[in-house]
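Peer 1:
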Amino acid sequence: MTTRVEIINDFLAINVKPGATIQDVVEASGSALPFGCRDGQCGTCVVEIVQGMEFLSPKNEKEFKVLKEVCAGTCSENARLACQMKIDKPNGVVRIKY
């Protein structure tokens, strides 16, 4: 059982199993989505979840803190750090734009 992850900017889609990180998906798909520190510190990988938030792991403390600093109130509630998210549930579609 997999979840389809679509990266809108790159016209890419990949089916992944629960537990995969979005960072893994991006790297496996050849997406141009940038990553800086890869540890949830820099905010380089901020994305917007257009669809499928319910198939992703919840935001962690580090993610809340970095999004607050990086976005300074300009990001939507659907903003996430791609390096911190994981596919949490199968049988869905997650659409991401950056």
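To convert, note that position 15 of the sequence shown is 15 in UniProt numbering; the numbers rise steadily by one, no gaps. The beta-carbon is built from N, C-alpha and C at its ideal position, and this holds for glycine as well.
When we look at the beta-carbon of E77 and count the other beta-carbons within 10 Å, is it buried (16 or more) or exposed?
Peer 2: Exposed is the call here.
Peer 1: By Cβ distance below 7 Å, which residues in the same chain neighbour V16 in space, the five residues on each side in sequence not counted?
Peer 2: Closer than 7 Å at Cβ, skipping near neighbours: T2, T3, V5, V25 and I87.
Peer 1: If you pair each beta-carbon of the region 30 to 38 with each one of the region 51 to 59, do three or more pairs fall below 8 Å?
Peer 2: The region 30 to 38 is not in contact with the region 51 to 59.
Peer 1: Start and end of the beta strand (DSSP E) containing Q84?
Peer 2: Run containing Q84: none; DSSP gives neither H nor E here.
Peer 1: Taking E69 as the reference, which of Q51, C42 and C83 has the closest Cα?
Peer 2: When only C-alpha atoms are compared, the closest one is C42.
Peer 1: DSSP has R4 in a bridge; who is on the other side?
Peer 2: Beta-bridge pairing links R4 to N15 and V93.
Peer 1: Which same chain residues, not among the five before or five after T44, have their C-beta less than 8 Å away from its C-beta?
Peer 2: Here the set comprises P34, F35, G36 and C37.
Peer 1: Can you look up V48 in the DSSP assignment and give me helix, strand or coil?
Peer 2: In the sequence as presented, Val is not what sits at residue 48; that position holds Glu. It is a strand residue.
Peer 1: Taking buried to mean at least 16 other C-beta atoms within 10 Å of its own C-beta, is F55 buried or exposed?
Peer 2: Label assigned to F55: buried.
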